[in-house]
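Comments concern the structure below.
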Amino acid sequence: MIPFVDLKAQYQSIKPEIDAAVGRVLESSQFVLGPEVAAFEKQFAAYCQTRHAMGVNSGTSALHLALLAAGVGAGDEVITVSMTFVATAAAIAYVGARPVFVDVDPLSYTMDVNQIEAKITKRTKVIMPVHLYGQSADMDPIVELARRHGLVVIEDAAQAHGAEYRGKRVGSIGDLGCFSFYPGKNLGAYGEGGAITTDRDDLAKRIRMLRDWGQETKYHHVLLGFNYRMEGIQGAILGVKIKHIEDWNEARRRTAARYDSLLKGVVVPTQMDYARHVYHVYAVLAENRDEIATKLKDAGVATGIHYPIPVHLQECFAHLGYQRGDLPVTERVADMELSLPMFAELTQEQSHRVAAALAEIY
Ligand SMILES: *Cc1c(COP(=O)(O)O)cnc(C)c1O
43 MIPFVDLKAQ YQSIKPEIDA AVGRVLESSQ FVLGPEVAAF EKQFAAYCQT
93 RHAMGVNSGT SALHLALLAA GVGAGDEVIT VSMTFVATAA AIAYVGARPV
143 FVDVDPLSYT MDVNQIEAKI TKRTKVIMPV HLYGQSADMD PIVELARRHG
193 LVVIEDAAQA HGAEYRGKRV GSIGDLGCFS FYPGKNLGAY GEGGAITTDR
243 DDLAKRIRML RDWGQETKYH HVLLGFNYRM EGIQGAILGV KIKHIEDWNE
293 ARRRTAARYD SLLKGVVVPT QMDYARHVYH VYAVLAENRD EIATKLKDAG
343 VATGIHYPIP VHLQECFAHL GYQRGDLPVT ERVADMELSL PMFAELTQEQ
393 SHRVAAALAE IY
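Sequential numbering from 43 applies to the sequence shown in the numbering used here.
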């Protein structure tokens with residue numbers, strides 16, 4: 043069986059470094075935040091080309107704190123996409139705001155920048171594009187619109203560590219960037235983790251307080267904060283893994299190029315001319331997606347679907363009043379998308395076998 047992801051293969055490739063890093067945390071017993079997290083934050087900020095990075099306990103917490111720091115609250119609106127993992131919209135709901143969905147571009151599957159302005163109202167506070175599958179949204183028009191209307195831009199970069207837009211790293215283009223270190227992400231912890239990036243000192247300070255019970259100094263709670271701190275062990279592990287992320291992203295890009303040239307019968311992903319795609323997901327579109335997934339499974343190839351039900355049609359967001367047909371491109375992608383095996387350690391031989399299995403079906 044060719045797995046969809048293989049976390050164990052990656053651990054084996056860096057085991058001595060990881061074991062030593064975890065051992066250091068156990069010996070120091072700095073289990074929450076601490077020097078390993080602080081060191082990783084510096085490395086991650088440099089990697090994202092931002093002044094600040096704040097480690098938190100998940101990508102969802104990163105989104106929640108970014109929205110709070112941007113001053114979003116009850117009655118506000120946040121323009122985002124439905125073609126995403128549910129956390130994007132859930133975080134908006136956590137602060138009492140309303141997610142307002144725009145459709146996605148049919149080539150990039152990221153926010154259709156031509157549909158944003160019509161959705162801006164007096165209540166709009168934030169535009170939140172998602173860098174889906176490892177490819178940046180078209181950021182220049184989004185930032186330009188935000189500046190013109192006095193809005194904050196929060197990038198959901200949970201799937202796109204190291205992706206670039208016109209040579210700039212994602213997370214450094216809007217006001218705030220939100221990352222997830224869920225184990226299966228391009229840069230994954232060995233448990234939950236996340237980070238927020240920003241160039242703005244005021245937002246960074248606020249987020250550092252909010253993630254740690256709103257404390258300015260110990261037991262002095264200035265803000266109503268949260269227990270959203272990154273664990274020491276995760277910081278130490280990420281500090282090791284960030285040294286390898288560029289090699290891993292390049293390996294993903296080589297696999298993607300191989301798939302691009304070998305695959306027949308399906309729509310392969312488009313790398314936009316503005317983008318450096320890092321292929322968190324290698325997403326193909328196929329008319330009879332479910333049937334193909336079953337046949338691939340029978341042929342020993344695991345696949346995924348990201349995501350079968352778009353957020354605007356999820357039961358938990360029924361109260362927003364969206365119907366099937368409201369976001370036709372999003373719904374088409376949700377019906378047709380199939381994710382092929384994609385991870386840095388996937389061998390050339392395995393990618394050829396995936397392509398051969400698909401060719402057999404067609
Ligand atoms: C993974 C993901 C999140 C949530 O991150 P967690 O670390 O799982 O909380 C948010 N947005 C997107 C687009 C994601 O893929």
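We treat Cβ as the ideally placed atom computed from N, Cα and C, and that holds for glycine.
As the structure is a computational prediction, the values presented were derived from the model and not from experiment.
For ligand 1, is there a heavy atom less than 6 Å away from the beta-carbon of residue i?
i	result
threonine 126	yes
lysine 224	Looking at the sequence provided, one finds tyrosine at residue 224 rather than lysine. Tyrosine 224 Cβ: within cutoff of ligand 1.
alanine 129	yes
glycine 236	yes
glutamine 201	yes
threonine 102	yes
valine 465	The shown model of the chain, from 43 to 404, leaves out residue 465, and the question about it has no answer.
aspartate 48	no
aspartate 332	no
aspartate 118	no
aspartate 377	no
aspartate 198	yes
Quick one: does the C-beta of residue i sit closer than 6 Å to a heavy atom of ligand 2?
i	result
threonine 163	What this structure holds is ligand 1, not ligand 2.
Reducing DSSP to helix, strand and coil, say where residue i ends up.
i	result
tyrosine 301	helix
glutamine 157	helix
leucine 266	coil
aspartate 377	helix
leucine 218	strand
aspartate 182	helix
tyrosine 224	coil
alanine 397	helix
leucine 187	helix
arginine 294	helix
alanine 386	coil
glutamine 257	strand
alanine 237	strand
isoleucine 196	strand
glycine 346	strand
valine 120	strand
lysine 210	strand
arginine 242	coil
arginine 366	coil
Less than 8 Å between the CB atoms is what I'm expecting for residue i and residue j, so what's the real figure, rounded?
i	j	result
valine 326	valine 343	Actually they do not touch by this definition, with Cβ atoms about 12 Å apart.
glycine 209	glutamate 78	The pair is not a contact, with the Cβ atoms about 31 Å apart (cut-off 8 Å).
alanine 116	threonine 122	With 8 Å as the limit, alanine 116 and threonine 122 do not qualify as a contact, their Cβ atoms being about 17 Å apart.
isoleucine 60	isoleucine 279	6 Å
phenylalanine 82	glycine 277	5 Å
tyrosine 321	arginine 294	4 Å
isoleucine 158	valine 195	So it is not a contact: roughly 11 Å between Cβ atoms.
methionine 384	tyrosine 324	4 Å
valine 114	alanine 237	Contact doesn't hold; Cβ gap of about 19 Å is too wide.
valine 371	proline 148	5 Å
histidine 354	serine 124	4 Å
asparagine 228	asparagine 291	6 Å
alanine 202	histidine 173	4 Å
threonine 405	proline 183	Look at the range of the chain in this structure, 43 to 404, and you will see that residue 405 is not part of it.
Quick check: residue i and residue j, are their CB atoms within less than 7 Å of each other?
i	j	result
valine 47	glycine 226	yes
glycine 219	glutamate 197	yes
valine 74	arginine 271	yes
arginine 211	glutamine 313	no
leucine 105	valine 137	no
serine 178	alanine 317	yes
proline 352	alanine 376	yes
isoleucine 44	glutamine 390	no
alanine 399	leucine 338	yes
phenylalanine 221	alanine 200	yes
glycine 267	tryptophan 255	yes
methionine 96	isoleucine 249	yes
phenylalanine 223	glycine 204	no
glutamate 119	arginine 190	no
glycine 346	serine 303	no
Open item on the list: To test your reading of the DSSP string, which unbroken beta strand (DSSP E) runs of 3 or more residues are found completely within the region 122-176?
Closed with: 140-144 and 166-169
- [ ] Could I get the ranges of all uninterrupted beta strand (DSSP E) runs contained in the region 302-331, with 3 residues as the minimum, in chain order?
- [x] 324-327
Open item on the list: If we require 3 or more residues per run, which beta strand (DSSP E) segments fall completely within the region 74-115?
Closed with: 94-98
Open item on the list: So within the region 43-71, which uninterrupted beta strand (DSSP E) runs reach at least 3 residues, ignoring any that extend past its ends?
Closed with: none
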